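2 protein chains.
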Amino acid sequence: MSLPHADDPAELAAAIAAGDRAAIAHVLNLLDDRRDEARKKTTALLAHLQQDQDNPTGQLIGITGPPGAGKSTLSAALIRVWRARGLRVAVLAVDPSSPISGGALLGDRLRMQTSTEDDGVFVRSLSSRGQFGGLSAEVWPMSVVMLAGFDIVLIETVGVGQREVDIARLCDTTCYVAQPGSGDSVQFIKAGVLEVPHILVVNKADMGNLATRTLSELEAALKRTHPDGHWQVPVLATSAVDGTGIETLADALEEHYQLLRGPQLALRRKRYQAYWIHKRLLEEFGSFGIDQLGGEESLLAQLQAQDMNLFKQYDALRLRLYNRIQDTLE
Amino acid sequence: MSLPHADDPAELAAAIAAGDRAAIAHVLNLLDDRRDEARKKTTALLAHLQQDQDNPTGQLIGITGPPGAGKSTLSAALIRVWRARGLRVAVLAVDPSSPISGGALLGDRLRMQTSTEDDGVFVRSLSSRGQFGGLSAEVWPMSVVMLAGFDIVLIETVGVGQREVDIARLCDTTCYVAQPGSGDSVQFIKAGVLEVPHILVVNKADMGNLATRTLSELEAALKRTHPDGHWQVPVLATSAVDGTGIETLADALEEHYQLLRGPQLALRRKRYQAYWIHKRLLEEFGSFGIDQLGGEESLLAQLQAQDMNLFKQYDALRLRLYNRIQDTLE
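Heads up: the protein sequence lines correspond to chains A and B, in order. Residues 1 to 330 in the working numbering are what the first sequence spells out, letter by letter. Residues 1001 to 1330 in the working numbering are what the second sequence spells out, letter by letter.
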């Protein structure tokens, strides 16, 4: 271990909060490691990072949309605006796990477009995996770590459907990027396949008429009040090529964050954590296991009521299920 | 019960094999009913329908693609061709379950475009539900019933991603319908988000240049040999409006079926059944439960080796897991 603080969770937590890149990279790798040793370290670390759950920090933004909509380029343009505003940004690029695409498509694309010299930008790729076909199991713990060290954490994913639903349940603010002229996004919204995002973006506004038409179609298709309430969903035109609308988008994201800040944000973060734990337990023990814990609704309520650290909460429930089940096994 | 044969599984099976619409509708409703009484009836019925597993009948076709690609209109045009060829057709239209779209969008669309007088066409809607966000749990048992009474069973779904993967694992022949000009389908294929279908269709060929361009983009993006082997994936242009390519598409579907017929088809059907049972058990008992049964690979191999009826196989495994687990519970 080359990091002097790697074995002391308090020191490691402090290094992360100070934005130490090596420390963050180290912990993200630990979170990817499912062995007991690694899990012990990350449990202790998360306990430190989550000490003050009533005052959550950072903004967790989910950016999603079909492949080809220009999410990476748009993210890179947003990052430039945020950096100019003095904000530190971490990106978690979740790629579909696929034998064809293989590696870190989104992350690599983004890295190519951002300065590697800038200490205030951190990009991590993650391939989605697991039964749920959606987000990787590591997304939430990794977000907790990144939120401790950065002002903005951007989760970028390809896709519509389950993956996009999961993102909406783990982010403060969701932003859907539509492709001009495809009509798909409009259809997705009409069909209810797409959960209503907080901000809807038609990218490639430089495509002219096509973008304008898609913009007005989306405006017509969309119920403008977000299901969360108290938020009117803006439909924005952007172009990463000529810079159109990027500042406006950054403003809208900031405006949504200001709306959430305070007790509401603390409550939401607890909800994400409960959702993540529920999903992991469901993956491992099925609906049978969830029933053993009193059913989904009761489990979620119980998790949100407790002020406990992520892995401690998760491990406690896992142990409860194991104990119930394991004795009978030959 | 208004059906005279409804309580005798042998009579009911015979009525289904004779294409008795009332009998089929009755059984599909039973399959939707999860109470013990209904389950007993359907288990007995499926045992009759699955007596000769080495000689499977019918062709199970999955048709999928993004919303707006014109799947329903294309299906209706295909049905006309099949009817003219003397084939009886059943359709299972799987809609995304959504608070917004609500009901039976795909099924209703299709019904509007087919003759309600024709005894050789049967349309059933099903809303997708369950943890997996993909196909409804009833798709496979319902397919078994429909295959007994019809020459062709068409499963139509909206979507790309998990739902489309599931369809590929439960159908003899998969057909993906792309929308001209969106570029999305090309991106999906390149990104490996889309499993390679057996037949790729660019619909709305009447859109002219846009369709031609999409067609050549897809041809370029696609590895033409299907992962199944022995099958070159055709990329076809169709138009339900002017009838272009519909006969050719029907021919390609028939050609693929001829390739599969015989021992290979029997093997594949067993594989679908094993996949379905695995998925249901995973949903209920999680990865922990699957591990208790020896893990995914071993379970699938074991299921495929047995010559057993669907619900009997499923219920036996479910019981085994329950027995292992239940004793410890307070």
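Think of the CB as a built atom: it goes at the ideal place given N, C-alpha and C, for glycine as much as any other residue. Note that the structure is a prediction, hence the values are computed from the model and not measured.
How about I1152(B) and Q1059(B): are their beta carbons less than 8 Å apart? yes
The alpha helix (DSSP H) that contains G1289(B), what's its start and end? Taken as a continuous stretch (DSSP letters only), the alpha helix (DSSP H) holding G1289(B) covers 1263-1292.
Can you pull the DSSP bridge partners for F122(A)? A90(A)
Can you tell me the Cα-Cα spacing of A1013(B) and E1217(B), whole angstroms? 47 Å
For the putative contact between V89(A) and I79(A), defined by C-beta atoms under 8 Å, what is the C-beta separation to the nearest angstrom? V89(A) to I79(A), Cβ: 5 Å. Contact.
Assigned exposure category for D1036(B) - 16 Cβ within 10 Å defines buried: exposed
Sort A316(A), Y275(A), E117(A), L249(A) by Cα distance to V81(A) and report the nearest one. Taking each of A316(A), Y275(A), E117(A), L249(A) in turn and checking the Cα distance to V81(A), the smallest one comes out for L249(A).
Going by other Cβ atoms of all chains shown within 10 Å of its Cβ, with 16 needed for buried, is L55(A) buried or exposed? Looking at the sequence itself, residue 55(A) is Asn, so the reference to Leu does not match. Exposed is the call here.
Which same chain residues end up closer than 6 Å to A1148(B) when comparing Cβ atoms and leaving out the 5 residues on each side of it in sequence? I1016, A1017, L1049
Between the region 1230-1243 of chain B and the region 1195-1214 of chain B, do at least 3 Cβ pairs fall closer than 8 Å? yes
Quick one: give me the first and last residue of the alpha helix (DSSP H) that Q1051(B) is part of. Boundaries for Q1051(B): no alpha helix (DSSP H) harbours it, and the DSSP string shows neither H nor E there.
Roughly how many angstroms lie between the CA atoms of G133(A) and G1065(B), to the nearest whole one? Confidence at G133(A) is low in this model, with a pLDDT of 42, below 50, so its placement is unreliable and no value can be given for it.
Within 8 Å, strictly: CB atoms of V360(A) and G68(A): The shown model of chain A, from 1 to 330, leaves out residue 360(A), and the question about it has no answer.
Here's the rule I'm using: 16 or more other beta-carbon atoms within 10 Å means buried, otherwise exposed. How should H230(A) be labelled? Flag for H230(A) reads exposed.
Anticipated Cβ contact below 8 Å, S75(A) with L170(A), distance rounded: The beta carbons of S75(A) and L170(A) sit about 17 Å from each other, so the pair does not count as a contact at 8 Å.
Using 10 angstroms around the beta-carbon of R224(A), count the other beta-carbons present and answer buried if the total reaches 16, otherwise exposed. Under this definition R224(A) is an exposed residue.
Does E11(A) come out as helix, strand or coil in the three-state DSSP assignment? helix
First through last residue of the beta strand (DSSP E) which encompasses A1178(B): 1173-1178
According to the neighbour-count rule (16 or more other Cβ atoms, all chains shown, within 10 Å of its Cβ), is L1329(B) buried or exposed? Any reading at L1329(B) needs caution, since the residue's pLDDT is 47, under 50, leaving its predicted position unreliable; the model's value is listed next. L1329(B) is exposed by the Cβ-count criterion.
Between which two residues does the beta strand (DSSP E) carrying G62(A) extend? Per DSSP, the continuous beta strand (DSSP E) segment holding G62(A) begins and ends at 59-64.
Buried or exposed, going by whether 16 or more other CB atoms sit within 10 Å of the CB of N209(A)? By the neighbour-count rule (16 or more Cβ atoms within 10 Å), N209(A) is not buried but exposed.
Excluding the five sequence neighbours on either side, which residues of its own chain have a C-beta within less than 7 Å of the C-beta of A252(A), listed in chain order? I199, P234, L236
Pull out every residue of the region 261-290 of chain A whose Cβ sits closer than 7 Å to any Cβ of chain B, in chain order. L282, E283, E284, F285, G286, S287, F288, G289
Could you compute how far the alpha carbon of L259(A) sits from the alpha carbon of W1140(B)? Across the structure, L259(A) and W1140(B) are spaced so that their CA atoms are roughly 46 Å apart.
Using a C-beta to C-beta distance shorter than 8 Å, which residues of chain B count as neighbours of G65(A)? Here the premise fails: no neighbours, minimum Cβ distance about 10 Å.
For V241(A), name the three-state secondary structure that DSSP assigns. coil
Looking at the C-beta of G1086(B), does it have a partner C-beta in chain A at a distance below 8 Å? no
Which partner residues does L154(A) have in the DSSP bridge list? I61(A), V91(A)
Give a yes or no on whether 8 Å exceeds the smallest Cβ distance from G1229(B) to chain A. Not one chain A Cβ lies under 8 Å of G1229(B).
8 Å contact criterion, which Y1314(B) and I1277(B) should meet: CB distance rounded: 5 Å
Roughly how many angstroms lie between the CA atoms of D1294(B) and R1318(B), to the nearest whole one? Correcting the residue identity first, residue 1294(B) is Gly in this sequence and not Asp. Taking the straight line from one Cα to the other gives about 14 Å.
Closer than 7 Å, Cβ to any Cβ of chain A: which residues of the region 1200-1215 of chain B, in chain order? Listed in sequence order: no entries.
What is the DSSP secondary structure of Q306(A), counted as helix, strand or coil? In the structure shown, Q306(A) adopts coil according to DSSP, grouped into three states.
So what does DSSP say about V202(A), is it helix, strand or coil? strand
Does the beta carbon of Q1131(B) come closer than 8 Å to any beta carbon on chain A? Unreliable placement is indicated for Q1131(B), whose pLDDT of 40 sits below 50; the coordinate value is still reported in the next sentence. Judged by the 8 Å Cβ criterion, Q1131(B) is in contact with chain A.
Excluding the 5 residues preceding and the 5 following Q304(A) in the sequence, name in chain order all residues of the same chain whose CB lies nearer than 7 Å to its CB. K270, R271, A274
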